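In the numbering used here, the protein residues as written are 35 to 413.
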């Protein structure tokens, strides 16, 4: 089964907004809340708005990307065929593996090789050694015995996921691994029906997983859900849900959003807040896809090739020098001692970073299109 035209339009439209949400997730909020200092209504509102954007709304983006990736990978794999699987892996080498290696190499070479040489300091070998040499492509060697792990509701310590030197690309690393593990995921998804999906969903919500710093439970669950949708020949836009069930989940998502905001405001334990947010994220997958489907079919939403094509570029580029420079400039013009101006600076910085990444992508696509083969897999 091939992706329907409607599903293709929905996926293409979602790519860019989800990439921008990830930029908002990573943009620093430079206002510091001092313990014991009481904030005014406006300042407290600004702090809350930032937290809602970064900690709740933006959390939808990565799970949705995993869901879409699983759905697309298992197209035409409803009945397992090894040669189709190997062909898909070969295509993903071009679209995932090569860009992953190139971006991480760039994120090391520019700050630790090019800049020191320009300054006359020479190659910064110590930085490469501290980062574990080849581990810049895996977890950047930043996680030691002193790292504070997060505790779930059962008191179990869940290790923080490791990131390569281009931090956001942990998603690509995990996606590459999930594609390799596709035969196992296919078997469990096909022969245990929805049991496997529900178990993974429960583990994700409760934040229970094997203690490794890669292959997050969120990624495995959402990718497997995408697999289930594809091999059962469902549309990703409605997941094969009835109108009643779909609407019920959408209402539940809205309720869970407000519950998460309230829990955030009253400072409940991170474990309980995390459960509420993850419940919101799971239900919001249905909500976001349904709303986008309505917008696309009613011609209210239109996908632009430049924005859809630049989404990977925004995702890979934003968290480096572009973010640092924009953040420095906005903090010069907008005071970070005030929560409202800090919030304004946060919003402006995230939008400017996204625009700059799109402009760089546009320039390369127009004048050096062959470069996109290695930078974004030909997207």
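Note that the Cβ used here is the ideal one computed from N, Cα and C, for glycine as well. All of these numbers come straight from a predicted model, not from anything done at the bench.
Taking 8 Å as the cut-off, the Cβ atoms of residue 240 and residue 191 do not count as close. Per the coordinates, the alpha-carbon of residue 274 lies some 11 Å from the alpha-carbon of residue 262.
Beta-bridge pairing by DSSP links residue 184 to 192. Under the DSSP assignment, residue 342 falls in the alpha helix (DSSP H) whose first and last residues are 339-351. Here the alpha carbon of residue 151 sits roughly 35 Å from the alpha carbon of residue 340.
Pairing residue 291 with residue 132 gives a Cβ-Cβ distance that is not under 8 Å. Relative to residue 219, the option among 372, 398, 119 and 54 whose CA is nearest is 119. The distance from the Cβ of residue 209 to that of residue 103 is about 6 Å, consistent with a contact at the 8 Å cut-off.
Counted as a single uninterrupted DSSP element, the alpha helix (DSSP H) harbouring residue 366 occupies residues 355-367. The residue from 377, 250 and 393 with its alpha-carbon nearest to that of residue 193 is 250. At a cut-off of 4 residues, the continuous stretches assigned as alpha helix (DSSP H) that sit fully inside the stretch 212-248 are 216-225 and 228-240. Burial of residue 360 is indicated by the presence of at least 16 other C-beta atoms within 10 angstroms of its C-beta.
Selection 259, 237 and 382 evaluated against residue 367 yields 382 as nearest (Cα-Cα).
Contact annotation, residue 54 with residue 348: C-beta distance approximately 7 Å; criterion of less than 8 Å satisfied.
With respect to residue 353, residue 201 sits close: the two C-beta atoms are nearer than 8 Å. One Cα belongs to residue 363, the other to residue 116, and the distance between them is close to 52 Å. Ranked by Cα distance from residue 195, the first of 174, 214 and 100 is 174. Nearest C-alpha to residue 355 among 380, 390 and 321: 390. Counting along the chain, residue 137 sits inside the alpha helix (DSSP H) bounded by residues 132-143.
Scanning its chain for C-beta atoms nearer than 8 Å, with the 5 sequence neighbours on each side dropped, one finds around residue 246 the residues 193, in chain order. The beta carbons of residue 73 and residue 81 sit closer together than 8 Å.
Fewer than three Cβ pairs drawn from the stretch 373-382 and the stretch 314-334 lie within less than 8 Å of each other, which leaves the two stretches out of contact. Counting along the chain, no alpha helix (DSSP H) covers residue 335, and no H or E run does either. Per DSSP, residue 72 lies in no alpha helix (DSSP H) and is assigned neither H nor E.
Annotated as distal: residue 65 and residue 317, with beta-carbon spacing of 8 Å or more. Scanning 254, 170, 143 and 300 for the CA closest to the CA of residue 213 turns up 254. A distance below 8 Å separates the beta carbons of residue 231 and residue 258. Per the coordinates, the alpha-carbon of residue 44 lies some 24 Å from the alpha-carbon of residue 88. For residue 164, the number of other beta carbons within 10 angstroms of its own is below 16, and it is reported as exposed. Counting the other Cβ atoms within 10 Å of the Cβ of residue 221 gives fewer than 16, which makes it exposed. Across the structure, residue 384 and residue 357 are spaced so that their CA atoms are roughly 8 Å apart.
DSSP, read as helix, strand or coil, puts residue 389 in helix. Our two residues, residue 298 and residue 61, have alpha carbons roughly 19 Å apart in a direct line.
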